[in-house]
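Below: one structure, written as structure tokens.
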Amino acid sequence: MFEAIFGKKKTPAEMLRQHQRTLNRAQRELDRERTKLETQEKKLIADIKKSAKAGHMDATKIMAKDLVRTRRYIKKFYMMKTQLQGVSLRMQTLRSNQAMADAMKGCTKAMAQMNKQMNLPAIQKIMMEFEKQSEIMDMKQEMVGDTIDDVMEDEADDEESDNIVNQVLDEIGIDMGQSMADAPLGSLATGEGSAAKAAAPVAASADGGDAGAGGGGDDDDLMARLNNLRRD
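Whatever position you read off the sequence shown (first residue = 1), add 3 for the working numbering.
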């Protein structure tokens, strides 16, 4: 009933907006009046110059007083506009503070409702279960990884190891294949040399009888052969 008679009660934010619009309107009116006075000022200056050139000193003095008065009002309009702008800024600050207060109020209500709905024991239980499942998953993943490593171990690792060994041997100047091929030959050569050395006295004694019969040329031949066997 009272709203139908007196109108709906305005909120502080609506009142601030209304007063803000009023202040803006007043500033625009002041700007229009000041513009008119500035135009009149320019016209008075032109008239004063014209009257002074014509020699009408009385009219010139009257128009000069009018010019001073006009400039004084222009200055007052500037001061009034500045004051209105200051009031407008204060009202804008109030609106900003009111908006911030409303926002904080809404956030506070939302936080209170969230805190009421938050069940700490249930959240703790969920976190413990999450940690448990994470540990189980890590253990299973590790087991699967070990199994895959065991299954996937093939000749690739052996080939890589052989390549590394060959690289090291190449750096120190040893050919593994050549050394393996040369090893039995060296042993056989050593065995043959020993057998030859063991057989040398027998051959020498056998040839000794022949030497008595065959002469000094055979002795020289035997000595050359013995020397060759010793070098081998």
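Cβ coordinates follow ideal geometry from the N, Cα and C atoms, glycine included. Since the structure is predicted, the reported quantities are computational estimates derived from the model, not experimental observations.
Straight-line spacing of the CA atoms in residue 83 and residue 15 works out to 26 Å. Ranking 25, 71, 171 by CA distance to the CA of residue 45 puts 71 first. Taking C-beta atoms under 8 Å as the contact rule, residue 85 and residue 43 fail to qualify, at a distance of about 22 Å. In the same chain as residue 23, and ignoring 5 residues on each side of it, the C-beta atoms closer than 8 Å to its own belong to 91, 94, 95, 98, in chain order.
Counting every other CB atom within 10 Å of its CB across the protein chains shown gives residue 66 a total of 16 or more, marking it as buried. In terms of Cβ geometry, residue 76 and residue 40 form a close pair [threshold 8 Å].
Membership of residue 73 in the alpha helix (DSSP H) is indicated by the continuous run 60 to 120.
Taking C-alpha positions only, residue 111 is separated from residue 130 by approximately 27 Å. Between residue 26 and residue 123 a beta carbon distance of about 52 Å is seen, past the 8 Å cut, so the two are scored as non-contacting.
Out of 11, 89, 170, 167, the CA that lies nearest to the CA of residue 30 is found in 89. Within the same chain, no residue comes within 7 Å of residue 227 by CB-CB distance, once the 5 residues on both sides are set aside. Residue 14: not part of any alpha helix (DSSP H); DSSP gives it neither H nor E. Less than 8 Å separates the beta-carbon of residue 69 from that of residue 47.
For the pair residue 133 and residue 149, the Cα-to-Cα distance works out to about 24 Å. For residue 20, same chain residues with a beta-carbon under 8 Å away, outside a window of 5 residues either side, are 98 in chain order. In this model, residue 51 and residue 28 are separated by some 35 Å (Cα to Cα).
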